[in-house]
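Asks:
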Amino acid sequence: FDLTRPDYETDILIIGGGGAGCAAAIIAMENSAKSIISTKLRLGDANSMMSQGGMQAAVTPQDSPTRHYLDAIGGGHFDNKPELVHVLTEDGPDVVKWLENLGVVWDKNEDGSLQVLHGGGTSRKRMHSCRDYTGAIIMRTLMDVVRNNQDKITVLEFMPIIELILDNKGQCAGGILYNLETEEYFTVKAKTTIISTGGYGRLHIRGYDTTNHYGATG
1 FDLTRPDYET
11 DILIIGGGGA
21 GCAAAIIAME
31 NSAKSIISTK
41 LRLGDANSMM
51 SQGGMQAAVT
61 PQDSPTRHYL
71 DAIGGGHFDN
81 KPELVHVLTE
91 DGPDVVKWLE
101 NLGVVWDKNE
111 DGSLQVLHGG
121 GTSRKRMHSC
131 RDYTGAIIMR
141 TLMDVVRNNQ
151 DKITVLEFMP
161 IIELILDNKG
171 QCAGGILYNL
181 ETEEYFTVKA
191 KTTIISTGGY
201 GRLHIRGYDT
211 TNHYGATG
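Positions 1 to 218 (full-length UniProt numbering) are the ones given, in order, by the sequence shown.
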């Protein structure tokens, strides 16, 4: 590979085309950065698309990010990484608003306020939903934004990354992609690389059946 002449060059290389990957690309765009999404399947082929439950965020007067934090830490038997739980609970309300501004239609009460329900391990009602296909609604919204901004977000489908590229300082500077359809290799030079490949529950570990999306292979 001639790394001095990459096939693609971008501000941010995003590995994975699920909810996290699409959200990362949109936020990058909102901050004037261009990105490339590399996904081994189609855009949106991910567990996020199959999520039926809801999303937790403390938005009601009787709730707070602190209560949410305590519920999450306790539910994780204190094995959670506190700094990540803090980000999850503090940013939750803003993420709900951000998604709504993008076009997600949350379930609401008759007065127009957000409907919140009890979820597993919650001490307050804080589960936001879009009927019973929350993940599909969120993903369709994110995918629409990505598809409608192709001048800022490039999507490379059926092109998984096979190797990260490091610069002379040992920092990630992009990656090598493999096109599953043409069986060609491509190099990507990027200022920043985000890995958002999700879980690997579809690997049928120890022979167990799974309801994970067929793309959930890490």
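Every residue, glycine too, gets a C-beta built ideally from N, C-alpha and C.
Does the separation of the CB atoms of A58 and P93 fall below 8 Å?
Replies: Result yes, Cβ atoms of A58 and P93 sit closer than 8 Å.
Asks: Could you pull out every residue in the same chain whose Cβ sits closer than 6 Å to the Cβ of I162, ignoring the five residues on either side in sequence?
Replies: So the qualifying residues of the chain are I176, Y178.
Asks: Apart from the five residues just before and just after S64, which ones in its own chain have a Cβ nearer than 8 Å to its Cβ?
Replies: If we look at S64 and ignore the five residues flanking it on each side, its Cβ neighbours are A58.
Asks: According to the Cβ coordinates, are G199 and N47 closer than 8 Å?
Replies: In this structure, N47 lies closer than 8 Å to G199 by Cβ.
Asks: What does the alpha-carbon distance come out to for the pair A72 and D2?
Replies: Rounded to whole angstroms, A72 to D2 spans 47 Å at the Cα level.
Asks: May I have a chain-ordered list of the beta strand (DSSP E) segments no shorter than 3 residues that lie completely inside the segment 143-183?
Replies: Listed in chain order, the complete beta strand (DSSP E) runs (minimum 3 residues) inside the segment 143-183 are 153-156, 161-166, 172-178.
Asks: Just to confirm, is the Cβ distance from G174 to V188 under 8 Å?
Replies: Contact: yes.
Asks: Examine the Cβ distances between the segment 109-127 and the segment 32-45 and report whether three or more of them are shorter than 8 Å.
Replies: Not touching, per the Cβ criterion.
Asks: Spell out the partners DSSP gives H128 in its beta bridges.
Replies: DSSP output for H128 lists M55 as bridge partner(s).
Asks: Within 10 angstroms of its Cβ, does Y208 collect 16 or more other Cβ (buried), or is it exposed?
Replies: Answer is exposed; the Cβ neighbour count stays below 16.
Asks: Compare the C-alpha of L88 against each of G119, Q56, W106, E100 and name the closest.
Replies: Checking every option, the nearest Cα to that of L88 belongs to Q56.
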